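**Student:**
Residue numbers (the numbering used here): 183 to 336.
This is the structure we're talking about:
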């Protein structure tokens, strides 16, 4: 009696498998109008990005936090010089707009170091506001933008 019930369940599973297999081999159909997300239009970028100088206080404060929290260092940025735009929206027009900038940063150790950064539309926390990505040449200790901060440039 036990063998007959296991044989029946095996047959049922085989028939069910064949049925699902046959259904999956059918043609794929396009989404109907109710399945389309026609109310979601996607991101709209204006390209209104702040000038390079507006990001400098953010870079200085984030640099201080990174150096003191993660590297146990007392280095600070005391000033910037020769800040200039290097590119604006250098890629395809559909990409998130960015303004790339470069300059020099004076540090508390008395050295001037190059700094490369970008200001990103909708790149802030949870995509609110503008975000800033930056790299100080020679102090990219976690190698996020290596070599020599090249990945922070356009």
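C-beta: ideal position from N, C-alpha, C; glycine also. Given the structure is predicted, the values throughout are model-derived calculations rather than measurements.
Is the CB-CB distance between residue 227 and residue 272 below 8 Å?
**Tutor:** Translated into the one-based positions of the chain shown, residue 227 becomes position 45. Translated into the one-based positions of the chain shown, residue 272 becomes position 90. No; because the gap between Cβ atoms is not below 8 Å, this pair is not in contact.
**Student:** Report back the beta-carbon spacing between residue 315 and residue 300 to the nearest angstrom; my notes put them in contact at under 8 Å.
**Tutor:** Within the chain shown, numbered from 1, the residue matching residue 315 stands at position 133. Within the chain shown, numbered from 1, the residue matching residue 300 stands at position 118. Rounded, the Cβ-Cβ distance is 5 Å, consistent with contact.
**Student:** Could you have a look at residue 202 and say whether DSSP puts it in helix, strand or coil?
**Tutor:** Sequence index remark: in the chain shown, residue 202 carries index 20 (1-based). Correct three-state label for residue 202: helix.
**Student:** Can you tell me the Cα-Cα spacing of residue 225 and residue 199, whole angstroms?
**Tutor:** By 1-based counting over the chain shown, the position of residue 225 is 43. By 1-based counting over the chain shown, the position of residue 199 is 17. One C-alpha to the other measures close to 43 Å.
**Student:** Can you look up residue 278 in the DSSP assignment and give me helix, strand or coil?
**Tutor:** The sequence position of residue 278 within the chain shown is 96, counting from 1. Coil.
**Student:** Give the range of the beta strand (DSSP E) segment to which residue 315 is assigned.
**Tutor:** Along the chain shown, read from residue 1 onward, the residue named residue 315 stands at position 133. 313 to 318 is the span of the beta strand (DSSP E), which, as asked, contains residue 315.
**Student:** Closest to residue 239 by C-alpha separation, out of 255, 262 and 254, would be which residue?
**Tutor:** As a working mapping, residue 239 is identified with position 57 in the chain shown. The shortest C-alpha separation from residue 239 is found at 262.
**Student:** Need the endpoints of the beta strand (DSSP E) that residue 263 sits in, please.
**Tutor:** As a working mapping, residue 263 is identified with position 81 in the chain shown. Looking at the DSSP string, the run of the beta strand (DSSP E) that includes residue 263 is 259 to 270.
**Student:** Give the secondary structure of residue 326 by DSSP, where H, G and I count as helix, E and B as strand, and everything else as coil.
**Tutor:** Taking the chain shown and counting its residues from 1, the one referred to as residue 326 is at position 144. The answer is coil: DSSP assigns residue 326 none of H, G, I, E or B.
**Student:** Exposed or buried, which one is residue 191 when buried takes at least 16 other CB atoms within 10 Å?
**Tutor:** Indexing the chain shown from 1 puts residue 191 at position 9. It is exposed - the Cβ of residue 191 has fewer than 16 other Cβ atoms within 10 Å.
**Student:** For residue 286, list the residues DSSP reports as bridge partners.
**Tutor:** To locate residue 286, count along the chain shown from 1; it is residue 104. Residue 286 pairs with 263 and 296.
**Student:** CB-CB under 6 Å to residue 317, same chain, minus the five flanking residues each way: which ones, in chain order?
**Tutor:** Indexing the chain shown from 1 puts residue 317 at position 135. Excluding residues within five positions, the ones whose Cβ falls inside 6 Å are 298, 327, 331 and 334.
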